[in-house]
Structures are given as structure tokens and as C-alpha cells.
Amino acid sequence: MALMSRANARRMLVKLAEAYPDAKCALHFSNPFELLVATMLSAQSTDARVNQVTARLFQKYKGPEDYARLRPEDLHDDIKELGLWRAKSENIIAASRMILERFGGEVPRTQEELVQLPGVGRKTANVVVSNAFGVPALAVDTHVQRVANRLGLANSMNPEITERQICQRIPQRLWSQAHHWLIHHGRQVCSARNPKCHICPVQSFCQFYQVLQQDGKLREKVFPETAAQTASAQTGPQRGKRGEARRAAQDHKPSRKPSRRAQAKGPS
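This is the structure in C-alpha cells:
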């Protein structure tokens, strides 16, 4: 699949910006360390659930010093409603200790330094530098991965390749905001199953949609509900008229004559 041109990528971003003018990081935080912890907790968990957990967690523990004194089991009850809570407990504590020992108690400000922390990968590092420090970066999560590949901004399921391909097509100053636009679009319209292509603001740019339009069978397979609704809308009135005509014909159909045997027998 050929990738979208840079010119079309910019035009598409304008449409996304208009559709999601208030798009921003959904995680709640008041400082870089809180964002780091929240992002580490967000793996295989929704942002809404993470925010519920961190509302209590950030009242209980304030900074890396507090977490560094803990044992992993001390965090279990606080975060066990999230996925991978055992590994997350260990990583948050280990990362807090490294921040104190190697970075003077401050969250590193570069991606290269952040990925040295236990449990911190490229996606988490990009989220932190972008939202906490204002550094242009584009984090690739499952939503960005899916939407970018459908639109034609990328053609790889490798997050690092996807990140590179997207960044090659849009201005650096828009990397951070594009991340939020793509996430919001993935959550609200371009869902993994049954995407709402009929209300998509960037439908005209989308390569995935163009393929569906060309292949009716594939369209019905991917959008069974939409296909059924379309078929109903197109044939419903006709079916209704046929049904009415059939019922009318039955209502006005002359009664069958009684058989000779019935006539001979007479009324009972």
C-alpha cells in the first residue's frame, strides 16, 4: 500500500483538528513524575480506569522518594484493579529509585534517558516528553497504530516504523497534537471493530475506506450492521408495499366453494 502524500497528510490533519479541537492527554497529572507513573499504569488499561486509581494513589504517595521506600507488595492493593499490576508495582518502584540515584530526583527530559528506566518504553517516553516538557514527539499506541495504517500514514504494524513513517509526513510542530487527534479519532470513530466510516471527517483521505468501497463483500464483512441498515433502508419500503399488496389480495380473495361432500352432508 502506497503511503499518503505529505500534502494530503497536512490536509487531513486540518480536518482532524477541526473535528477534535479539544484533544489532549486524557491522563490526569500535575507534574512530570505523576504523568510518568500514570503512563506506566496505562498499559492494558483504560485512561479512565487509570485516573480513578491515580486519584487515590497520588494522594497517598507524592514523589519518587515515597515510592522508592516501598516494596512491590505495598503497591498491590492500590493498583490491583489495573492490568499487569504485579509488574507495574515492581517497575514503578525500580524507576523511582533510578530517578533518585541517577537523575537527582528529577524525571529525565529526553527519550534516550527515559527509556533507561525500568518499565519505560518508547511510547511511554514519548508521552512524557511531549505532555510534560513540550518536546515534539508522537507516541504510538494501539489507536494510533490502527488509525495510521488505515488512513495510509503508515503501512507497518511495528510501532517504531509507524512512528517514523507518520513523522516523515507531518510537520514536527504537529507531532504531539497529531498523537492526540489520532487517538481521539480511534476512540470515537475509527474503532477496531465496526468503525463509523459514514461519519468519518477524513473519509476522503482514507485508503481503508476506499478499499471497502471497491469491495462490497469485504464491506459487508467488516460493517455487517451498516450493510444491514443500508439494505433495510433501500428495500424496506418495497418490501412493505409488497406485504401490503399480498395482505390486501388475501383479504379480497373470494371464499372457496364448499365441496360436494360438504354440500351433501349439510350443516352440522
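full-length UniProt numbering applies: residue 1 is where the sequence shown begins, and numbers increase by one. Glycine included, every Cβ here is placed at the ideal spot set by N, Cα and C.
- Other residues of its chain near Ser232: CB distance less than 7 angstroms, five sequence neighbours each side excluded: Residue placement at Ser232 cannot be trusted, given a pLDDT of 43 that sits under 50; the coordinates are not used to answer.
- Message: By alpha-carbon positions, which one of Ala178, Leu212, Ala192 ends up nearest to Ala23?
- Response: Ala178
- When you compare only the Cα positions, how much space is there between His143 and Cys190? 8 angstroms
- Query: For Gly121, which option in Ala68, Ala154, Glu160 has the closest C-alpha, if you only look at C-alpha atoms?
  - Reply: Glu160
- Item | Length of the line joining the Cα atoms of Asp77 and Thr124 | 23 angstroms
- Start-end ranges of the alpha helix (DSSP H) lying completely within the UniProt domain "HhH-GPD" (41-188), minimum 4 residues: 47-60, 64-68, 72-79, 85-102, 111-114, 122-133, 142-151, 159-167, 175-188
- What are the boundary residues of the alpha helix (DSSP H) that Lys15 is part of? 6-19
- Under 9 angstroms between the Cβ atoms of Ala192 and Arg146? yes
- Query: For the 8 angstroms Cβ check, are there 3 or more pairs between the region 44-57 and the region 18-35?
  - Reply: yes
- What's the call for Pro224, buried or exposed, on a 16-neighbour Cβ count within 10 Å? Reliability fails at Pro224, whose pLDDT of 44 lies under 50, so the model's placement of it is uncertain and the value that follows must be treated cautiously. Per the 10 Å Cβ criterion, exposed.
- Could you give the distance in angstroms between the alpha-carbon of Leu75 and the alpha-carbon of Ser89? 6 angstroms
- Message: So, under 8 angstroms CB-CB, Ile166 and Leu138 are touching, yes? Tell me the CB distance rounded to an integer number of Å.
- Response: 6 angstroms
- Three or more C-beta pairs closer than 8 angstroms, one from the region 41-48 and one from the region 78-87: is that the case here? yes
- Message: For Tyr209 and Gln203, what's the separation of their Cα atoms in angstroms?
- Response: 7 angstroms
- Item | N-terminal and C-terminal residue of the alpha helix (DSSP H) that Leu212 is part of | 207-214
- Other residues of its chain near Arg187: CB distance less than 8 angstroms, five sequence neighbours each side excluded: His143
- Task: Please classify Phe29: does DSSP put it in a helix, a strand, or coil?
- Result: coil
- Item | Assigned exposure category for Asn194 - 16 Cβ within 10 Å defines buried | exposed
- Closest residue to Gly119 among Phe103, Tyr61, Ile92, Ala148 (Cα-Cα distance): Ile92
- For Leu117 versus Leu35, is the C-beta spacing smaller than 9 angstroms? no
- Item | Straight-line gap, Leu174 to Thr162 (C-alpha atoms, nearest Å) | 16 angstroms
- Query: Thinking just about the alpha-carbon of each residue, which of Cys25, Ile170, Val135 is nearest to the one in Gly152?
  - Reply: Ile170
- Would you report the Cα separation of Ala2 and Asn155, rounded to the nearest angstrom? 8 angstroms
- Query: For Cys200, which residues of its own chain have a beta-carbon under 6 angstroms away from its beta-carbon, when the five flanking residues on both sides are left out?
  - Reply: Val189
- Quick one: residues in its chain with C-beta nearer than 7 angstroms to the C-beta of Ala68, no 5 flanking neighbours on either side, listed in chain order? Ile93, Ser96, Arg97, Leu100
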